[in-house]
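Chains as they are written, first to last, in the numbering used here: chain A, 1 to 327; chain B, 1001 to 1324. We put the CB at the ideal spot given by N, CA and C, even for glycine. A short worksheet on the structure shown next.
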């Protein structure tokens, strides 16, 4: 049997599985019902589950995200879909001031088992209000968990993991990945939240990355192999919590590190990872740490400019060569 | 709602408890026993007491940072509230919340929110969950006139009406959002009319009269339970004290404050009871004595409370039980 499927289908299968197994689960967001989802993830689910569980909302990000928080505190397991990370800023009050703080402010009395899914990332000429990658930003906030599924397997697994977590979990789905294909094993035991995954083993250089840049990094690793550099590629999977153990273990093996981050470099998740490596594995390093990030500009529309702004395979290759002293 | 002697005593005692409790808080704040912000409810007691008197145990309450009154009237003990103000583990939020974030699972009291308007979306979700689970609960969401300026107010009222959710929205309109008068910030100062525009049945009532509040909320809660649709009460009221303890009150005339003080909910209630020939049944000395005991015991409880060990600082950021 061919078990290859798309990322989009994997997310949908995961939603369907959760909705079938747990009547507390429902999906709510803009255009998730009659339209079938902005990225067609929930296409058909309205017919299957009805409008009590697949709920079209008005363009009121703050209210429907906050409603997700309230419903989660009161016995339900909502999945809130926000069209893009840029729109999530309209709901930031609810995410930051309520979802992330209620457990603490209430002295442990009220937990918020809420899942928020949103599209992230540029590369489609959508300009400066639809293209940003703010997952690293969200990873700053105690009380939240931040997941960045890159593979089809994780697109499926992470929704289930998030729904069985007692606290708010944000899932960032890179919109370019929805059409990507991969192997899905629905019977596999999911790798827990907070665990990174070594996607390709190597001896000379560790590349730490997440989301769509996993594939760019793997491509770069193939090119680098031709230059005699054996790269280890690690999919971080979760930006909060970060898997320090897997990161440091790899650095103790390769002694060189390159971080590939979809966010802007200032105050980024790559900056945080560098700081942790500095704190925990500085003496293991044989070269300065390096990173490839999105250029610090609101993403432009023109294709050549956008391409120049975001992470590309050749940028990874060039930076890796620098770390290896090859250029 | 019939006002008999028992109920009259209860209303009077609860309003007076809130008044005396907060007067004590002022003293303790001056003595630096209580830190942070302290927003007093004095003058607005009739609303909390009137509303809470009509709720069932299973109903849910969401309030603002000016919520000592609602918390007491909902039945959270004066001891655990005072311990919270002291930042002690015995406090209703284990000292993690403080005056602005009182929480209590037992009485379904969901805070204590200090982002103006921020709890309205939560109320929508709470009520949505009740409806989905076929629970015949009412969610009461209390906020001030300042919240009306927030987008979350409008988004939430729309959703509550659109989805027919069992929510009682209570706007405590004390005419000022901190130090700015409603008339300086709103084109429409009759707030209940805004709710009406979302097709929510709405009423403007005298928030200084506990009887009026109790009557209106009895009716509203009955209607909500029957229709599953939201209701909106705009309670006209006045904050006798400053916004918080750092407020020189430059934005309002003393004469205005004095005028409202003549409508003090305790005085208004006393006059009403005299009219009804029930006042002679109220032993104010006895009630004052009972309240003094409650407050003295609360202060003692808080004084003797425990400070959470620093080692526990990072608790309650994530759940300790991975229960799903």
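Backbone CA spacing between residue 1267(B) and residue 1061(B) [nearest angstrom]:
27 angstroms
Please name the residues in the segment 1152-1168 of chain B whose beta-carbon is closer than 7 angstroms to at least one beta-carbon of chain A, in chain order.
1152, 1155, 1156, 1158 and 1159
Opening and closing residue of the alpha helix (DSSP H) in which residue 28(A) lies
That residue, residue 28(A), is in no alpha helix (DSSP H); its beta strand (DSSP E) goes 25-29.
In whole angstroms, give me the CA-to-CA distance for residue 1264(B) and residue 1208(B).
7 angstroms
Between 1044(B), 1002(B) and 1011(B), which lies nearest to residue 1240(B) when the distance is taken from Cα to Cα?
1044(B)
Under the three-state reduction of DSSP, which class applies to residue 1234(B): helix, strand or coil?
strand
Check each candidate in 71(A), 4(A), 118(A) and 15(A) and name the one with the smallest Cα separation from residue 45(A).
15(A)
From 1290(B), 1291(B), 1270(B) and 1289(B), residue whose alpha carbon lies closest to that of residue 1341(B):
Given that chain B is displayed from residue 1001 to residue 1324, the structure contains no residue 1341(B) and the question cannot be resolved.
Going along the chain, which residues of its own chain have a beta-carbon closer than 7 angstroms to the beta-carbon of residue 993(B), five neighbours each way excluded?
Only positions 1001 to 1324 of chain B appear in this structure, which leaves residue 993(B) out of reach.
On the DSSP letters alone, give me the boundaries of the beta strand (DSSP E) that residue 1110(B) sits inside.
1109-1113
Which of helix, strand or coil does DSSP assign to residue 1176(B)?
strand
Taking 8 angstroms as the threshold (beta carbon to beta carbon), is residue 1324(B) in contact with chain A?
Unreliable positioning characterises residue 1324(B) in this predicted model, as indicated by a pLDDT of 43, which lies under 50. A coordinate reading is not provided.
I'd like to know if residue 1313(B) contacts chain A, where contact means its C-beta is closer than 8 angstroms to some C-beta of that chain.
no
Residue 1084(B) versus 1179(B), 1174(B) and 1111(B), residue with shortest Cα-Cα distance:
1111(B)
By alpha-carbon positions, which one of 279(A), 185(A), 255(A) and 234(A) ends up nearest to residue 11(A)?
185(A)
Just to confirm the assignment: which complete beta strand (DSSP E) runs, minimum length 3, are found wholly within the segment 73-101 of chain A?
77-84
Residue 1324(B) to residue 1293(B) span [Cα, whole Å]
Only weak support exists for where residue 1324(B) lies, its pLDDT of 43 falling under 50; the coordinates are left without a value.
Under 8 angstroms from the C-beta of residue 105(A): neighbouring residues of chain B
1093, 1096, 1097, 1101, 1103, 1111 and 1112
Counting only C-beta atoms, is residue 1319(B) closer than 8 angstroms to chain A at any point?
yes
Determine, using beta-carbon pairs with one atom in the segment 1084-1103 of chain B and one in the segment 1138-1154 of chain B, whether at least three such pairs fall under 8 angstroms.
no
Cβ pair count under 8 angstroms reaching 3, the segment 1087-1105 of chain B against the segment 98-112 of chain A:
yes
How long is the line joining the alpha carbons of residue 18(A) and residue 160(A), rounded to whole angstroms?
7 angstroms
Return the CA-CA distance between residue 29(A) and residue 1249(B), expressed in angstroms with no decimal places.
44 angstroms
Let's test the definition: count the other Cβ atoms within 10 Å of the Cβ of residue 1307(B) and tell me whether it reaches 16, buried, or not, exposed.
exposed
Could you tell me how far apart the beta carbons of residue 306(A) and residue 94(A) are, in whole angstroms, since I believe they sit closer than 8 angstroms?
Between residue 94(A) and residue 306(A) the Cβ distance is about 31 angstroms, and since that is not below 8 angstroms, they are no contact.
List in chain order: all unbroken alpha helix (DSSP H) runs of 4+ residues lying wholly within the segment 214-279 of chain A.
244-254
Does the segment 275-292 of chain A come within contact of the segment 142-149 of chain A, defined as at least 3 CB pairs closer than 8 angstroms?
no
Quick check on residue 289(A): buried or exposed, where buried means 16 or more other Cβ atoms within 10 Å of its Cβ?
buried
Which of helix, strand or coil DSSP assigns to residue 1127(B):
helix
Distance cutoff 8 angstroms, beta carbons only. Does residue 1325(B) sit that close to anything in chain A?
As displayed, chain B neither begins before 1001 nor continues past 1324, which places residue 1325(B) out of reach and without an answer.
Hey, residue 1099(B) and residue 1064(B): beta-carbon distance below 8 angstroms or not?
no
Can you give the beta carbon distance from residue 1075(B) to residue 1041(B), rounded, assuming they're within the 8 angstroms contact cut?
No, residue 1075(B) and residue 1041(B) are not in contact; Cβ-Cβ is about 16 angstroms, not under 8 angstroms.
Proximal residues, the segment 75-103 of chain A versus chain B, C-beta separation under 7 angstroms:
75, 76, 93, 94, 97, 98 and 103
If you count every other CB in all the chains shown that lies within 10 Å of the CB of residue 1134(B), and 16 or more means buried, which is it?
exposed
Separation of residue 154(A) from residue 239(A), as counted between CA atoms:
14 angstroms
Is the beta carbon of residue 1211(B) sitting closer than 8 angstroms to the one on residue 1272(B)?
yes
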